[in-house]
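In our numbering, the protein residues as written are 130 to 355.
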């Protein structure tokens, strides 16, 4: 599959699950890590792979303007309908091909980079998009198995059902389970390719000198101020 076909496939996969993905995000989402690492400059932030807009919405009170982009038009429609502060601009764009002239104080991304065609090239581009003294914060999925078998996700959904029932109630727990074993979601997961934590650290350290890794799959980098 070439890069354009892969990008189109990912967009289609997320369009297909947009409503239920938004429900999952509403149930489990937390912007805490990104809010805990806000930069000093607070003019312009960029949210790469914003989904249905939870993190962009949470960033809005802290910045003059937030640009939030995603491949999925259906995700963006939900974001615009449910989470549309006046200072947030949602747009459809491919992280692999960011054609932007603005410079940002803060660039963030959550669970997106394992979808990218060329992580080093994207990182180098993002470094250019940051203002001197700006901050880049990326969180992603890491795994010792590059592509875990589907049965791992199904077993995990069964294991989480009772804890979710106790925490959220039967109806919500069943909806979570139904999403996690759905054909569309399992098909998407089967196409994911993850880095191990060691490989993750090695890759990002090469391109983001002096970056830190506060926890597994999390990287924070400050662009040197001129």
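Quick reminder that beta carbons are idealized off the backbone N, C-alpha and C, glycines included.
{"Check": "For residue 202, the first and last residue of its enclosing beta strand (DSSP E)", "Outcome": "No beta strand (DSSP E) contains residue 202, which is instead part of the alpha helix (DSSP H) from 202-211."}
{"Check": "Whole-angstrom C-beta distance between residue 311 and residue 268, which should lie under 8 Å", "Outcome": "No, residue 268 and residue 311 are not in contact; Cβ-Cβ is about 24 Å, not under 8 Å."}
{"Check": "Test item: CB-CB of residue 406 and residue 276 under 8 Å", "Outcome": "The displayed coordinates of the chain run from 130 to 355. Any statement about residue 406 would go beyond what the structure contains."}
{"Check": "Proximity below 8 Å, CB of residue 294 to CB of residue 302", "Outcome": "yes"}
{"Check": "Cβ contact (3+ pairs, closer than 8 Å) linking the region 173-181 and the region 192-204", "Outcome": "yes"}
{"Check": "Residue 188 versus 139, 263, 248, 167, residue with shortest Cα-Cα distance", "Outcome": "167"}
{"Check": "For residue 290, the nearest candidate out of 307, 281, 278, 280 (CA to CA)", "Outcome": "307"}
{"Check": "Cβ shell of residue 262 (< 6 Å), same chain only, five flanking positions each side left out", "Outcome": "354"}
{"Check": "Unbroken beta strand (DSSP E) run spanning residue 233, endpoints", "Outcome": "233-239"}
{"Check": "C-beta atoms of residue 242 and residue 173 nearer than 8 Å", "Outcome": "no"}
{"Check": "Pairwise C-alpha distance: residue 208 and residue 149", "Outcome": "13 Å"}
{"Check": "Contact set for residue 201: own chain, Cβ-Cβ below 7 Å, skip 5 residues either direction", "Outcome": "140, 143, 144, 147"}
{"Check": "Beta-bridge pairing of residue 268 - partner residues as DSSP gives them", "Outcome": "239, 347"}
{"Check": "Closest residue to residue 364 among 214, 266, 318 (Cα-Cα distance)", "Outcome": "The shown model of the chain, from 130 to 355, leaves out residue 364, and the question about it has no answer."}
{"Check": "Short Cβ contact (8 Å threshold) for residue 156 with residue 305", "Outcome": "yes"}
{"Check": "8 Å CB neighbourhood of residue 352 in its chain, flanking five on each side removed", "Outcome": "256, 259, 260, 261, 262, 263, 264, 265"}
{"Check": "Beta-carbon contacts of residue 297 that lie in its chain and below 6 Å, excluding the five residues immediately before and after", "Outcome": "none"}
{"Check": "Contiguous alpha helix (DSSP H) assignments of at least 4 residues, all confined to the region 294-335", "Outcome": "299-309, 312-319"}
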